[in-house]
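The opening position of the sequence shown corresponds to residue 1 in our numbering, with each subsequent residue numbered one higher. For glycine and all other residues, C-beta sits at the position ideal for the given N, C-alpha and C.
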Amino acid sequence: MNPPRHVAVEKAPHLVAQPQLYCAGLIVSNVPTHRKLLQENRSGYFVGDKLSLADLTVYDIVKQTRDTFSYDASTNFPEIKTLVEKIESNENIKTYIDGNK
Numbered sequence: 001m002n003p004p005r006h007v008a009v010e011k012a013p014h015l016v017a018q019p020q021l022y023c024a025g026l027i028v029s030n031v032p033t034h035r036k037l038l039q040e041n042r043s044g045y046f047v048g049d050k051l052s053l054a055d056l057t058v059y060d061i062v063k064q065t066r067d068t069f070s071y072d073a074s075t076n077f078p079e080i081k082t083l084v085e086k087i088e089s090n091e092n093i094k095t096y097i098d099g100n101k
């Protein structure tokens, strides 16, 4: 049985050979939804006014894409960039990240 494939692979199979472009496309295609949620909440977080699992999940995706493919998905999206900066400036998060290096 073949594993399910993302629709982008079906439409542009050449992107599979270029994972940076493929991942960038997946991330960018979802950014409008994430931006809208951040704008509607007005706190700079996805849920409520403090850090949540949703924030950490988006942060992790941006960070992993940046580290793995040298593509910073937050560069052109100010709400996402602000969220990433908030998380990276959080002392508890910094301590955790520094402990895993």
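Inset, instruction - Report, in whole angstroms, the separation of the C-beta atoms of Ser74 and Ile80, which I expect to be a contact under 8 Å. - result: The residue you call residue 74 lines up with position 74 of the sequence shown. The residue you call residue 80 lines up with position 80 of the sequence shown. Confirmed, about 4 Å.
Legend entry - Own chain partners of Leu37 with C-beta closer than 7 Å, once the 5 adjacent residues on each side are dropped: On the sequence shown, position 37 is the one that residue 37 refers to. So the qualifying residues of the chain are Phe46.
Inset, instruction - Give the straight-line distance between the Cα atoms of Val31 and Phe77, rounded to the nearest whole angstrom. - result: Against the sequence shown, residue 31 aligns to sequence position 31. Against the sequence shown, residue 77 aligns to sequence position 77. Straight-line Cα distance between these residues: approximately 8 Å.
Legend entry - Pair within 7 Å by beta-carbon distance, Thr82 and Gly44: One-based indexing of the sequence shown puts residue 82 at position 82. One-based indexing of the sequence shown puts residue 44 at position 44. Result yes, Cβ atoms of Thr82 and Gly44 sit closer than 7 Å.
Inset, instruction - Please report the residue range of the alpha helix (DSSP H) in which Asn92 lies. - result: For this step, residue 92 is matched to residue 92 along the sequence shown. It spans Glu91 to Gly99 - the alpha helix (DSSP H) in which Asn92 sits, taken as one unbroken run.
Inset, instruction - Determine the direct distance from the alpha carbon of Glu40 to that of Pro4, and round the result to whole angstroms. - result: Position 4 of the sequence shown, counted from the start, is the residue given in the question as residue 4. Position 40 of the sequence shown, counted from the start, is the residue given in the question as residue 40. Reliability of the predicted coordinates at Pro4 is poor, the pLDDT of 46 falling under 50, and the value obtained from them is presented with this limitation in mind. About 33 Å.
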